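Working notes, structure below.
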């Protein structure tokens with residue numbers, strides 16, 4: 001039997017998780033809005049990273065890895081729905097279609113985010129009925145990345161402070177879920193999880209730099225969401241700080257640092273290769289020539 | 293050593309849970325808003341119910357009971373913060389003070405709710421490091437009461453449907469957390485949890501009827517929040533459906549049904565007494581004479 005491709009595993013796990021929210025006589029539009037927020041897929045970068053780390057660690061309970069990856073992806077989707085709300089970015093589009101509050105109204109967008117956060121934890125709990133000894137650790141990893149003081153909710157909340165701690169802001173808003181992806185991937189496979197945190201932190205920063213580059217050089221059609229948002233909202237952007245070439249060089253450095261940080265493990269060589277190719281794909285097409 | 297009073301246990305568990313969100317270099321205003329949403333206390337009805345059931349079951353890991361009760365109370369607080377938002381009830385006051393979005397702004401109110409939901413699950417996970425075999429069950433109980441299709445997020449989402457399923461609406465919006473309180477109390481004590489669901493359902497409906505009565509007969513000063521909200525928003529209200537005396541009689545019936553549903557257990561007699569006295573306290577003072 002061929003091993004299932006990571007993207008198939010993720011889509012299947014997400015569909016299975018969502019199915020639990022859709023049945024049972026609940027309000028149909030909430031179920032539709034939750035589905036709309038999760039499908040069709042984005043790049044699934046965080047959940048693929050989680051699977052890649054678990055594979056490198058020689059995962060022994062694939063259903064638990066899938067649940068960990070799914071849990072992280074659901075949190076990511078929840079954060080996008082709430083970040084797009086009128087009281088935050090007020091973004092009308094996401095992944096090339098109307099954002100959830102535009103399509104379903106603001107009340108359902110708030111509840112969709114809430115229910116996806118809950119579903120993230122439910123998904124872990126369902127899978128862990130078969131691996132109870134790993135559940136608390138996984139929950140604490142995912143919870144740390146989601147809430148306060150260091151998770152994505154805290155990251156977004158830095159925008160509401162009179163003085164922003166920039167490093168903390170980016171680490172919480174973007175880095176936290178990347179770290180959770182690597183750490184949870186290892187924990188799902190029963191490995192020493194914290195040794196994998198540095199990898200997630202490097203990749204989170206790399207992704208942030210790439211996102212900053214896209215916000216500057218891409219069109220809304222390419223991204224499926226508004227561009228120039230950082231300038232509009234006066235948010236920090238690596239291109240503004242380092243210049244275009246400086247930001248491209250920084251992305252390259254982070255990519256190498258990430259690959260170099262992979263702890264010794266069964267599939268370490270393959271994982272390092274995977275990381276270098278994935279981080280190259282982060283660079284907007286317009287800039288690939290410039291970087292070559 | 294005297295056993296600690298339930299209310300003290302709850303306040304202590306909540307303070308301990310909140311402390312995890314407050315340290316660690318996170319955004320200070322988010323931490324303040326989370327604290328503001330949880331303290332000073334409301335009646336803590338759901339968490340006291342959870343402790344009462346666990347005690348009746350002869351709880352063997354009090355720290356786990358405390359975490360379960362705390363987890364349910366945090367979800368309740370999160371739902372109040374989100375329900376008060378301008379896109380839902382647009383309520384300016386709660387527990388006699390400005391609601392969270394009035395005091396801290398709408399963005400922080402959204403994030404406060406999010407972070408409290410996450411904290412609810414983190415609290416269970418932290419306590420369960422000492423009782424891993426009960427964590428998945430507790431998480432599934434709490435998750436069911438929080439999300440879709442049957443939890444409080446789903447309950448609130450019925451307000452966004454073109455046609456409302458009234459029984460489902462009330463069961464999800466109010467009943468779900470009461471059921472979670474009784475079922476989780478039993479599960480924390482290692483008992484057959486589902487046998488306790490009927491008790492939670494009766495008490496949830498009793499609380500709903502009492503809430504409907506208060507919305508009709510109390511002043512905003514007595515409640516610490518706006519009154520007449522059901523009429524304003526065209527929401528179902530038991531007084532409108534059954535009349536004032538009918539609603540009072542219904543509350544009495546539900547109170548007896550709840551006491552009668554308590555499964556056989558070590559502390560069953562005391563729990564039945566507790567339930568009858570608690571449900572009597574639900575009746576607004578103005579109506580106590582009328583009911584006597």
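Chains as they are written, first to last, in our numbering: chain A, 1 to 292; chain B, 293 to 584. Even glycine gets a Cβ: it sits at the ideal position worked out from N, Cα and C. Note that the structure is a prediction, hence the values are computed from the model and not measured.
Find out if the Cβ-Cβ distance for the pair residue i, residue j is shorter than 8 Å.
i: residue 113 of chain A; j: residue 442 of chain B; result: no
i: residue 136 of chain A; j: residue 420 of chain B; result: yes
i: residue 59 of chain A; j: residue 14 of chain A; result: no
i: residue 520 of chain B; j: residue 507 of chain B; result: yes
i: residue 377 of chain B; j: residue 322 of chain B; result: no
i: residue 56 of chain A; j: residue 266 of chain A; result: yes
i: residue 397 of chain B; j: residue 160 of chain A; result: yes
i: residue 123 of chain A; j: residue 67 of chain A; result: yes
i: residue 200 of chain A; j: residue 187 of chain A; result: no
i: residue 439 of chain B; j: residue 465 of chain B; result: no
i: residue 498 of chain B; j: residue 547 of chain B; result: yes
i: residue 102 of chain A; j: residue 77 of chain A; result: no
i: residue 470 of chain B; j: residue 340 of chain B; result: no
i: residue 356 of chain B; j: residue 304 of chain B; result: no
Would you kindly work out how many angstroms separate the C-alpha atoms of residue i and residue j, rounded to a whole number?
i: residue 361 of chain B; j: residue 536 of chain B; result: 33 Å
i: residue 286 of chain A; j: residue 217 of chain A; result: 8 Å
i: residue 194 of chain A; j: residue 258 of chain A; result: 15 Å
i: residue 434 of chain B; j: residue 270 of chain A; result: 40 Å
i: residue 342 of chain B; j: residue 316 of chain B; result: 30 Å
i: residue 444 of chain B; j: residue 556 of chain B; result: 29 Å
i: residue 262 of chain A; j: residue 52 of chain A; result: 11 Å
i: residue 1 of chain A; j: residue 62 of chain A; result: Residue placement at residue 1 of chain A is poorly supported in this model, since its pLDDT is 44, which falls under 50; the coordinates are not used for a value here.
i: residue 208 of chain A; j: residue 280 of chain A; result: 14 Å
i: residue 334 of chain B; j: residue 301 of chain B; result: 15 Å
i: residue 545 of chain B; j: residue 528 of chain B; result: 20 Å
i: residue 110 of chain A; j: residue 374 of chain B; result: 8 Å
i: residue 540 of chain B; j: residue 575 of chain B; result: 8 Å
i: residue 552 of chain B; j: residue 468 of chain B; result: 20 Å
i: residue 95 of chain A; j: residue 224 of chain A; result: 5 Å
i: residue 371 of chain B; j: residue 494 of chain B; result: 21 Å
i: residue 162 of chain A; j: residue 226 of chain A; result: 26 Å
i: residue 144 of chain A; j: residue 75 of chain A; result: 12 Å
i: residue 379 of chain B; j: residue 463 of chain B; result: 22 Å
DSSP three-state call for residue i: helix, strand or coil?
i: residue 219 of chain A; result: coil
i: residue 293 of chain B; result: Caution is warranted here: a pLDDT of 44 is assigned to residue 293 of chain B, below 50, making its placement in the model unreliable, and the coordinate value is therefore given only provisionally. DSSP places residue 293 of chain B in coil when its eight states are reduced to three.
i: residue 386 of chain B; result: strand
i: residue 402 of chain B; result: helix
i: residue 66 of chain A; result: helix
i: residue 291 of chain B; result: The displayed coordinates of chain B run from 293 to 584. Any statement about residue 291 of chain B would go beyond what the structure contains.
i: residue 351 of chain B; result: coil
i: residue 379 of chain B; result: coil
i: residue 287 of chain A; result: helix
i: residue 268 of chain A; result: helix
i: residue 250 of chain B; result: Since the first and last residues shown for chain B are 293 and 584, residue 250 of chain B lies out of range.
i: residue 178 of chain A; result: helix
i: residue 455 of chain B; result: coil
i: residue 6 of chain A; result: helix
i: residue 311 of chain B; result: helix
Determine the burial state of residue i: buried for a count of at least 16 other Cβ atoms within 10 Å of its Cβ, exposed for fewer.
i: residue 411 of chain B; result: buried
i: residue 273 of chain A; result: exposed
i: residue 220 of chain A; result: exposed
i: residue 459 of chain B; result: exposed
i: residue 407 of chain B; result: buried
i: residue 389 of chain B; result: exposed
i: residue 384 of chain B; result: exposed
i: residue 246 of chain A; result: exposed
i: residue 169 of chain A; result: buried
i: residue 309 of chain B; result: buried
i: residue 526 of chain B; result: exposed
i: residue 298 of chain B; result: buried
i: residue 523 of chain B; result: exposed
Nearer than 7 Å: is that true of the beta carbon of residue i relative to any heavy atom of the ligand ZN?
i: residue 219 of chain A; result: This structure lacks the ligand ZN, and indeed carries no ligand of any kind.
Proximal residues, the region 372-401 of chain B versus chain A, C-beta separation under 8 Å: 374, 377, 379, 380, 396, 397, 398, 399 and 400
Contacting positions in the region 318-329 of chain B - beta carbon closer than 8 Å to chain A: 318, 319, 320, 321, 322, 323 and 326
Short of 7 Å Cβ to Cβ, which residues in the region 496-530 of chain B face chain A? none
Mind checking the region 559-571 of chain B against chain A and listing, in chain order, the residues whose C-beta falls within less than 9 Å of any C-beta there? none
Contact set between the region 442-457 of chain B and chain A, restricted to residues whose Cβ is under 9 Å from the partner: 442, 443, 444, 445, 446, 447, 448, 449, 450, 451, 452, 453, 454, 456 and 457
Under 9 Å (Cβ pairs) to chain B, residues found in the region 5-22 of chain A: 20, 21 and 22
Give me the subset of the region 119-132 of chain A whose CB atoms are less than 8 Å from a CB atom of chain B, sorted by chain position. 119, 121, 122, 124, 125, 126, 128, 129 and 132
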